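Chains as they are written, first to last, in our numbering: chain A, 14 to 546; chain B, 14 to 546.
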């Protein structure tokens with residue numbers, strides 16, 4: 014494993030495309046030297062500490078015995094190094110030990126972590142979610158109890174949403190919360206697919222759990238959020254929550270995916286009663302963006318591996334000299350850089366408090382970047398030939414790991430639904446039209462922007478089912494154009510010959526297909542409904 | 014596992030699209046009742062015998078100890094049933110016990126085998142290759158020695174091409190063949206990635222091995238083909254060939270992928286000295302078509318699994334009612350039917366002796382169908398949501414298994430090179446122009462056909478490196494149009510409302526993107542060469 018953080022590409026995406034400097038007023042202490050030092054130091058942690066245990070972690074996996082989940086060899090030392098570096102609190106509130114840096118910088122740091130070791134990266138990513146939830150919705154005493162220990166990385170956090178019958182439809186969840194005399198709640202139910210729900214890397218784990226208070230309305234309006242620590246705050250005694258099973262998954266083997274049993278576990282309401290879903294959604298934007306970043310990150314790792322293989326492997330000369338191999342490598346790198354710009358720009362919008370832009374870009378960043386993750390990982394396998402299919406080659410792991418990202422934190426189909434139902438209908442296309450106007454400023458993507466304008470009018474006017482039939486194609490088109498626009502803006506801010514050539518390649522191979530997307534978007538529900546599947 | 018052979022779709026593809034009836038004169042004994050009986054019987058073997066051991070075989074894998082490869086539980090019984098059914102000899106020479114049916118029918122039978130159990134299917138597929146090689150290139154005594162036992166399935170066959178340094182570039186192989194006094198050769202060298210190279214399902218294994226006779230010219234013009242039986246013909250004694258390693262692969266776990274050591278093994282020249290590569294290429298067409306069929310087959314299995322999950326899984330109603338889920342299912346089914354028509358039509362062309370059409374369609378069938386296999390398997394995972402990533406769900410295995418098909422029997426990049434270098438340049442585009450004229454007869458695909466015409470002119474006129482830079486995009490375009498043409502011809506021969514709707518969907522979602530392919534095809538080598546990857 015030879016991952017090395019692509020600092021130049023990252024900086025171009027962050028500074029030029031995502032316009033990090035637009036945050037100068039809010040974050041006056043962040044100068045270029047600091048930024049570079051942070052990225053380089055994160056890259057070093059990633060390549061020296063996290064990448065070396067990526068493949069061994071894939072092979073070793075995790076085990077469950079007597080309620081204890083044992084992680085793969087080397088993960089404890091790696092987590093200790095991560096914790097010691099202060100990485101967990103990069104963007105967190107300085108009042109609780111955080112460094113108060115932009116989330117965009119923390120996201121870029123997480124890119125290197127995910128590239129080096131996607132299984133590992135999920136642990137800090139989930140803790141970040143818990144930190145944000147408590148920062149935003151927690152009462153003062155909850156902040157005082159949990160934030161510092163989460164921000165230092167001493168404890169980790171989880172999100173407990175899914176139940177066997179409640180996946181995309183969280184309104185169907187049945188985990189119960191019964192009020193207790195002391196103001197806490199007794200939580201009972203079973204949660205599945207809980208990432209890092211149990212492990213041996215931190216002495217305590219703080220679960221954020223969606224449950225229904227006895228007597229609450231059915232559906233999504235009766236869901237509340239609770240904090241359930243593995244060990245109770247007052248006396249350190251063990252709470253009635255435990256891991257009763259681990260999923261055997263296709264990838265991210267070193268990341269425990271737990272079935273959690275809550276058997277009258279003591280929990281505390283966070284935020285308002287019955288507003289748990291809304292609270293969860295404020296976290297969801299960040300979580301979705303981080304998953305999008307994972308897609309880019311695993312693609313970058315796959316790209317670096319394939320590039321190095323293509324340079325070394327000789328078949329009638331080094332295979333990197335074959336145009337088709339170069340085409341695959343450039344396709345990977347161009348899409349990675351496009352997705353990187355999109356993810357970083359979403360974070361900068363969040364940091365700038367530009368919620369309209371953040372809300373619009375989030376489903377694009379999640380879905381478009383995770384689809385590219387799968388595509389790039391598959392190209393990485395292909396470049397390796399037979400060695401790509403052999404586990405020893407290393408490319409196969411990226412292909413297996415990458416496949417989860419289009420699924421979790423809301424499937425990409427759910428993202429398309431979100432883009433249409435919440436974002437587009439939410440502001441009658443206003444934020445999208447702003448993006449389209451920005452795109453139209455650039456000749457190479459103007460035609461595509463015009464298509465997006467027409468598609469947007471169609472989506473807004475269409476019957477709901479017709480719009481839903483075209484929603485994924487619409488998201489793919491919008492994602493492509495958002496990336497192209499950010500990239501073009503980056504080149505305008507900071508001309509760069511290498512980036513220009515990569516952008517030109519992206520325009521020819523990716524943007525040129527935009528016009529033909531319209532037929533797919535306008536397919537209509539009847540074409541799907543009439544057919545006897 | 015609930016695979017059930019899609020007889021109606023198969024028959025439409027075989028009879029209407031691939032025009033099986035055009036073989037009536039050559040195969041007068043094949044009537045519709047016989048065909049249906051064969052397909053149904055094969056479907057029964059697939060669903061009742063092969064599908065039930067697909068997942069258990071994936072889990073158990075294969076093991077090597079003391080030169081013996083032990084296959085997964087149930088594989089011996091399944092192979093015995095396959096052998097007893099006489100399936101191996103369906104299209105083989107009746108003079109040696111075959112049934113002399115069209116290869117297209119045997120291919121359709123293999124589709125059901127691959128759908129049910131891709132690991133298993135590789136064993137008869139490789140034996141088919143050995144049968145064809147010996148039928149075409151073997152001397153009479155070689156035919157008499159081997160054919161009957163291969164055709165009955167009593168023995169199995171392998172193809173030994175790849176060496177560590179010789180993959181796509183077979184000219185680099187170094188396995189040596191030293192002439193012996195008795196007319197045989199002593200073969201010494203190491204072969205890798207040998208599918209079913211060693212196993213415990215047949216008492217003998219017949220290896221077809223590429224090697225270089227001492228003193229032969231270097232490169233591809235000094236390669237000869239040899240028959241190396243595991244047990245010698247005359248006295249049944251063990252030959253000096255053994256399996257010294259098994260690859261740990263991402264998928265097709267139940268299929269042993271062997272490293273074979275030849276240590277002075279006794280072999281016999283088959284065909285002419287130094288013409289081994291040409292001999293191998295005549296087999297290659299068939300092998301490549303079969304791999305294309307695997308792509309369709311695994312996609313069909315993934316489709317059936319996803320369809321059944323989408324009907325059962327409830328999230329705000331059965332998820333099959335969600336337009337985006339229906340879109341994914343229809344995308345799978347439409348592409349599967351397109352690829353099926355392409356593969357069957359390639360086999361019918363071979364049966365008809367239409368070599369120009371067979372040669373043209375073979376790289377399309379191989380690459381286009383295996384790419385769709387990966388895409389469909391990925392959609393199958395997506396439809397399953399979280400359960401798609403969990404091995405227990407079953408969708409993950411198709412995603413892992415499907416990934417090998419774009420790689421072996423010549424990577425899809427090599428197919429693009431073959432389409433351009435051998436096929437298009439070979440006849441200056443004549444066979445392609447015939448296909449384009451056929452496409453132009455149908456209004457919904459005429460625009461795409463015009464693009465293909467323009468792309469073909471470009472490829473023929475372009476400098477080699479420019480053509481190579483666009484070769485994969487050109488193949489993707491040609492494959493799409495070949496499928497569309499065959500499908501349109503099928504609907505003309507046998508109007509069918511269900512197939513028509515599926516075809517219309519294919520035209521909107523797949524063919525409509527054809528026009529924009531041109532930019533990719535014309536990308537040019539400079540766009541790739543200049544960039545510092």
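Note that the Cβ used here is the ideal one computed from N, Cα and C, for glycine as well.
What you are looking at is a predicted structure, and each value in this text was computed from that prediction instead of being measured.
1) Determine, using beta carbons only, whether residue 280 of chain B and residue 409 of chain B come nearer to each other than 8 Å.
2) Who are the neighbours of residue 412 of chain A on chain B, taking C-beta pairs under 8 Å?
3) For the stretch 145-178 of chain A, which residues have a CB atom closer than 9 Å to at least one CB atom of chain B, in sequence order?
4) Residue 354 of chain A and residue 518 of chain A look like a contact to me (Cβ under 8 Å); what is the Cβ gap, rounded to whole Å?
5) Using 8 Å as the threshold, is the stretch 309-323 of chain A in touch with the stretch 377-397 of chain A, meaning 3 or more CB pairs across them?
6) Is residue 402 of chain A close to chain B? Criterion is C-beta to C-beta, closer than 8 Å.
7) What is the rounded straight-line gap between the Cα of residue 349 of chain A and the Cα of residue 21 of chain A?
8) At which residues does the alpha helix (DSSP H) containing residue 305 of chain A begin and terminate?
9) So, does the CB of residue 365 of chain A fall closer than 8 Å to a CB anywhere in chain B?
10) Are three or more beta carbon pairs between the stretch 20-37 of chain A and the stretch 328-342 of chain A nearer than 8 Å?
11) Hey, quick one: how far does the alpha helix (DSSP H) through residue 376 of chain A stretch, first residue to last?
12) Take the Cβ of residue 257 of chain B as the centre, count every other Cβ of all protein chains shown within 10 Å, and call the residue buried at 16 or more, exposed below.
13) What are the boundary residues of the beta strand (DSSP E) that residue 279 of chain B is part of?
14) Report all residues from its chain with a CB closer than 8 Å to the CB of residue 528 of chain B; omit the five preceding and five following residues, and keep chain order.
15) In chain order, what residues of the same chain lie with their CB nearer than 8 Å to the CB of residue 112 of chain B, ignoring the 5 residues before and after it?
16) Using the beta-carbon count (16 or more within 10 Å), is residue 368 of chain A buried or exposed?
17) Distance check for residue 207 of chain B and residue 183 of chain B, CA to CA, integer angstroms please.
18) If you draw a straight line from the C-alpha of residue 352 of chain B to the C-alpha of residue 251 of chain A, how long is it?
19) How long is the line joining the alpha carbons of residue 318 of chain A and residue 342 of chain B, rounded to whole angstroms?
20) Report the rounded CA-to-CA distance for residue 95 of chain B versus residue 215 of chain B, giving the unit in angstroms.
21) Who are the near neighbours of residue 86 of chain B in its chain, counting only those whose CB is closer than 7 Å to its CB and skipping five residues on each side?
22) By DSSP's criteria, residue 420 of chain B is part of a beta bridge. Which residues make up the other side?
23) Helix, strand or coil, according to DSSP, for residue 103 of chain A in the structure here?
24) Could you have a look at residue 334 of chain B and say whether DSSP puts it in helix, strand or coil?
25) Closest by CA to residue 127 of chain A, which one among A:451, A:267 and A:286?
26) My output table needs one value for residue 512 of chain A: the three-state DSSP class, helix, strand or coil.
27) Please compile the residues from chain A whose C-beta is within a distance smaller than 7 Å of the C-beta of residue 538 of chain B.
28) Roughly how many angstroms lie between the CA atoms of residue 379 of chain A and residue 290 of chain B, to the nearest whole one?
29) Taking DSSP as the reference, what is the three-state secondary structure of residue 172 of chain A?
30) If I measure Cβ to Cβ from residue 89 of chain A and keep anything under 8 Å in the same chain, skipping five residues before and after, which residues do I get?
31) Got a sec: which bits of the stretch 375-390 of chain B sit with their beta carbon under 8 Å from any beta carbon on chain A, in order along the chain?
32) Between which two residues does the beta strand (DSSP E) harbouring residue 529 of chain B extend?
33) Over what stretch of residues does the alpha helix (DSSP H) that includes residue 492 of chain A continue unbroken?
34) Which whole-angstrom value is the C-beta distance of residue 116 of chain A and residue 360 of chain A, which I expect to be below 8 Å?
35) I need the straight-line Cα distance from residue 340 of chain A to residue 274 of chain A, nearest angstrom please.
36) In whole angstroms, what separates the C-alpha of residue 129 of chain B from that of residue 534 of chain B?
A quick look at the data gives this:
1) no
2) 263 and 416
3) 175 and 178
4) The Cβ separation is near 15 Å, so there is no contact.
5) yes
6) yes
7) 13 Å
8) 289-325
9) no
10) no
11) 368-396
12) exposed
13) 270-283
14) 460, 461 and 464
15) 99, 102, 103, 104 and 105
16) exposed
17) 14 Å
18) 57 Å
19) 33 Å
20) 12 Å
21) 69 and 73
22) Bridge partners of residue 420 of chain B: none, in fact.
23) coil
24) helix
25) A:267
26) helix
27) 336
28) 48 Å
29) strand
30) 213 and 214
31) 387
32) From DSSP, residue 529 of chain B is part of no beta strand (DSSP E); its letter is neither H nor E.
33) 477-506
34) 5 Å
35) 49 Å
36) 37 Å
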